[in-house]
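Data first, discussion second: the structure below is written as structure tokens.
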Amino acid sequence: MPKIEIDPELCSKCGTCVSNCPVGIFQQDDDESIPLVVDTDNCILCGMCVDNCPEDAVKHENF
Numbered sequence: 001m002p003k004i005e006i007d008p009e010l011c012s013k014c015g016t017c018v019s020n021c022p023v024g025i026f027q028q029d030d031d032e033s034i035p036l037v038v039d040t041d042n043c044i045l046c047g048m049c050v051d052n053c054p055e056d057a058v059k060h061e062n063f
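For the sequence shown, the positions run 1 to 63 when the UniProt record's numbering is used.
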């Protein structure tokens, strides 16, 4: 289970990590909330969340 965090200081709440994660480890309640990391056990280490975040707010220990 990798350590994955979203830096609230950098996050623009755009939801890119939510929409690009192929296994759904992120969840966002509404457009005004910072996405939550909800299921790191399913992470397939693809790096999509880190690569696609326009604010560099996703911190993943493997990338």
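For each residue, glycine too, the CB sits at the ideal point set by N, CA and C.
Label residue i either buried or exposed according to how many other C-beta atoms from any shown protein chain fall within 10 Å of its C-beta, with 16 as the threshold for buried.
i, result
"V37", "buried"
"T40", "exposed"
"P35", "buried"
"V58", "buried"
If you compare alpha carbons, which of the options is closest to residue i?
i, options, result
"N62", "C11, V18 and I44", "I44"
"P54", "P2, V18 and M1", "V18"
What residues in its chain sit with their C-beta under 8 Å from that of residue i, if we drop five residues either side in the sequence?
i, result
"I25", "I4, V37, V38, D39, T40, N42, C43 and C49"
"G47", "H60, N62 and F63"
"residue 123", "A query on residue 123 cannot be resolved here, the shown segment of the chain reaching from 1 to 63 and no further."
"S33", "K13"
Here's a check: name, in chain order, each residue in its chain whose Cβ is nearer than 7 Å to the Cβ of residue i, leaving out the five neighbours to either side.
i, result
"P8", "I34"
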